[in-house]
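Student: Order-wise, the sequence lines are chains L and F. Just so we're aligned, residue 32 is where the first sequence starts under our numbering, counting upward by one. Just so we're aligned, residue 319 is where the second sequence starts under our numbering, counting upward by one.
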Amino acid sequence: MLKKRIIPCLDIKDGRTVKGTGFIDLKDAGDPVELAQKYALQGADELVFLDITATVENRKTLCELVEKIATAINIPFTVGGGIRTVDDAALLIRSGADKVSINSAAYNNPALIQDIATRFGTQCVVVAIDAKQIDNIWNVFTNGGRTDTGCEVTVWAQKAVGYGAGEILLTSMDNDGARNGYAISLTNAVCDTVSIPVIASGGAGCEEDFSTLFKTTKASAALAAGIFHYNKLSIPQLKDYLKTNQIPVR
Amino acid sequence: MIAIIQYGAGNTGSVQNALNRLGVQSIITDDAATIKNAEKVILPGVGEASTAMQSLATTGLDKLIPTLRQPVLGICLGMQLLCNRSEEGDTTCLGVFDADVIKFPTGHIVPHMGWNNITDIKGELLLGANDADVYFVHSYYVPVCADTIATCNYILPFSAAMQKNNFYATQFHPEKSGGIGEQILNNFSAI
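#1: Which residue from Ile498/F, Met480/F, Val414/F, Ser495/F puts its Cα closest to that of Thr385/F?
#2: Check whether chain F comes within 8 Å of Glu65/L, counting only Cβ atoms and requiring the distance to be less than that.
#3: Leu391/F and Tyr472/F look like a contact to me (Cβ under 8 Å); what is the Cβ gap, rounded to whole Å?
#4: Can at least three beta-carbon pairs, one atom from the segment 459–478 of chain F and one from the segment 491–504 of chain F, be found at a separation below 8 Å?
#5: Would you call the segment 437–449 of chain F in contact with the segment 398–410 of chain F, where contact means no fewer than 3 C-beta pairs closer than 8 Å?
#6: Could you tell me whether any Cβ in chain F is nearer than 8 Å to the Cβ of Ala101/L?
#7: With DSSP collapsed to three states, give me the class of Val49/L.
#8: So for Asn335/F, helix, strand or coil by DSSP?
#9: Does the beta-carbon distance from Thr488/F to Ile393/F come in below 8 Å?
#10: Are the C-beta of Ile427/F and some C-beta of chain L separated by less than 8 Å?
#11: Considering only their Cβ atoms, is the gap separating Gln73/L from Pro279/L smaller than 8 Å?
#12: Using the three-state DSSP reduction, which class does Ala356/F fall into: helix, strand or coil?
#13: Pull out every residue of the segment 215–236 of chain L whose Cβ sits closer than 9 Å to any Cβ of chain F, in chain order.
#14: How would you write the range of the alpha helix (DSSP H) that Ile393/F sits in, first residue to last?
#15: Would you mind giving the Cβ-Cβ distance between Leu78/L and Tyr70/L, rounded to the nearest angstrom? I have them listed as a contact below 8 Å.
#16: Measuring alpha carbon to alpha carbon, tell me which of Cys237/L, Gln189/L, Gly257/L ends up nearest Leu66/L.
#17: Applying a beta-carbon distance threshold of less than 7 Å, which residues of chain L neighbour Val342/F?
#18: Closer than 6 Å by C-beta to Tyr194/L: which residues in its own chain qualify, once you throw out the five before and the five after it? Chain order, please.
#19: How long is the line joining the alpha carbons of Ile345/F and Gln334/F, rounded to whole angstroms?
#20: For Asn434/F, which residues does DSSP report across the bridge?
#21: If you draw a straight line from the C-alpha of Leu374/F to the C-alpha of Ala350/F, how long is it?
#22: Would you kindly report the start and end of the unbroken beta strand (DSSP E) that includes Leu81/L?
#23: Please state if the CB of Val131/L and the CB of Ile104/L are separated by a distance shorter than 8 Å.
#24: Which residues, taken in chain order from the segment 358–376 of chain F, show a beta carbon closer than 7 Å to some beta carbon of chain L?
#25: Looking only at its own chain, which residues have a Cβ that is under 7 Å from the Cβ of Pro39/L, when we skip the five neighbours before and after it?
#26: Which one or two residues does DSSP pair with Val428/F in a beta bridge?
#27: Enumerated in chain order, which unbroken segments of the alpha helix (DSSP H) with a length of 4 residues or greater are wholly contained in the segment 102–155 of chain L?
#28: In this structure, how does DSSP classify Gln189/L when only helix, strand and coil are distinguished?
#29: Excluding sequence positions up to five away, which residues of its chain have a Cβ less than 7 Å from the Cβ of Gln324/F?
#30: Relative to the alpha-carbon of Met397/F, which residue among Ile498/F, Phe476/F, Ala508/F has its alpha-carbon at the smallest distance?
#31: My parser needs the alpha helix (DSSP H) runs of 4 or more residues fully inside the segment 209–261 of chain L; what are they?
#32: Would you check if the segment 451–469 of chain F and the segment 491–501 of chain F touch, i.e. whether three or more CB-CB distances between them fall below 8 Å?
#33: Note down the Cα distance separating Leu184/L from Asp416/F, rounded to an integer number of angstroms.
#34: Out of curiosity, what's the CA-to-CA distance linking Ala159/L and Ile383/F?
#35: By DSSP's criteria, Ser404/F is part of a beta bridge. Which residues make up the other side?
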């Protein structure tokens, strides 16, 4: 049976892991390579690295970091942040990333999804969507959560699949950092719309939040950051809990 | 020395990284003589079947690979390329395994992405891996057939690994399958 994936996310700023609340108030959360190795050994199913301050200047630093991670760990990992062109994606994939995650650039230029998928396969392309509820409607936000596109999230998700997205990384900005559980209605809406794997993100605060997610939605994976970085919950603990609750995990 | 075949779309670096972690020497190459004389050969795979076959044809490796006599390991798309034909891009493949590659039926989440367990294992490649969870990413599959040496179930049972004479193949990615994947690569290097 296909297992539900638990994916620690490492937000990267200047080569370090950071964690903030609602995309602000960043705190240092450790060395990415050390954390990656620790998580891989503990049974993380995949890893996601998001360069949250991606600029042209630090692209080289990011590629060097990706190379180090690829050498050190034996599970798949995704890299995102600041990917605007096929060449940006190609650099990261050649450095060892298994997948790239694209967010604002994909929304602003959906052909980018297609271009990367054609060259490297759809399985390489994770389309990251940040969503926030406005008047009871989940809207897509871009530009690091700063710009309301006015587009309803399932509309964009469906379109992204049409362009060749292999997976959707769905973050609820309302839940992110609040440790109050995943956005179930949002996750369900997207899972019911698309036929590719959906990774739910934002809001994990305890073990139960993961089992609620998997019991009430079709999400293929759960992504979390702070809960793992600050040792509030270890991956083996979480997986034991999920197993006792009849959620298939590795 | 293991020759990792370079043909544009493969994740050659990931495979080499995994072999490096095991202390197994390898070279990434598209040179026919190097491949022919290597102790073992890996045909890695990430990408699209027709593009991959075109790429192998430009270097003439499509003719060489089926004639290789040393142990060969196809991974993911590499396994599918070793079959007769793929529905992906309606592609004629290398014809080592007498099987066709078929798209997963619609109405399900595709690609089959993530960790799934393999059962009914046979042979030395998968020693110690019965019922182990390994990492898959694919939208096309090879049905269970005479060359199947491990089965996985997603939507339907399919070939998780295959073997015919000196040709071995896995639909999953041993290079991304944690400790058990490393063991499988070790098993291959010990064949």
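Each residue gets a CB set at the ideal place from its N, CA and C atoms; glycine is no exception.
Tutor: So, to answer that:
#1: Val414/F
#2: no
#3: Incorrect: roughly 22 Å between the Cβ atoms, too far for contact.
#4: no
#5: no
#6: yes
#7: strand
#8: helix
#9: yes
#10: yes
#11: no
#12: coil
#13: Cys222, Val225, Ser226, Ile227, Pro228, Val229
#14: First-last for Ile393/F: 390–393, but that is the beta strand (DSSP E), not the alpha helix (DSSP H).
#15: 6 Å
#16: Gly257/L
#17: Result: empty, since nearest Cβ-Cβ is about 14 Å, beyond 7 Å.
#18: Pro141, Ile144, Gln145
#19: 8 Å
#20: Val452/F
#21: 11 Å
#22: 78–82
#23: no
#24: Val364, Gly365, Glu366
#25: Tyr70, Ala75, Leu78, Ala255, Ala256, Phe259
#26: DSSP, once it has assigned bridges, lists no residue as partnering Val428/F.
#27: 117–126, 135–139, 142–151
#28: helix
#29: Thr330, Ile346, Thr347, Asp348
#30: Phe476/F
#31: 215–224, 238–247, 257–260
#32: yes
#33: As written in the sequence, residue 184/L is Val, which differs from the Leu given in the question. Approximately 45 Å between the Cα atoms of the pair.
#34: 39 Å
#35: Thr409/F, Val419/F
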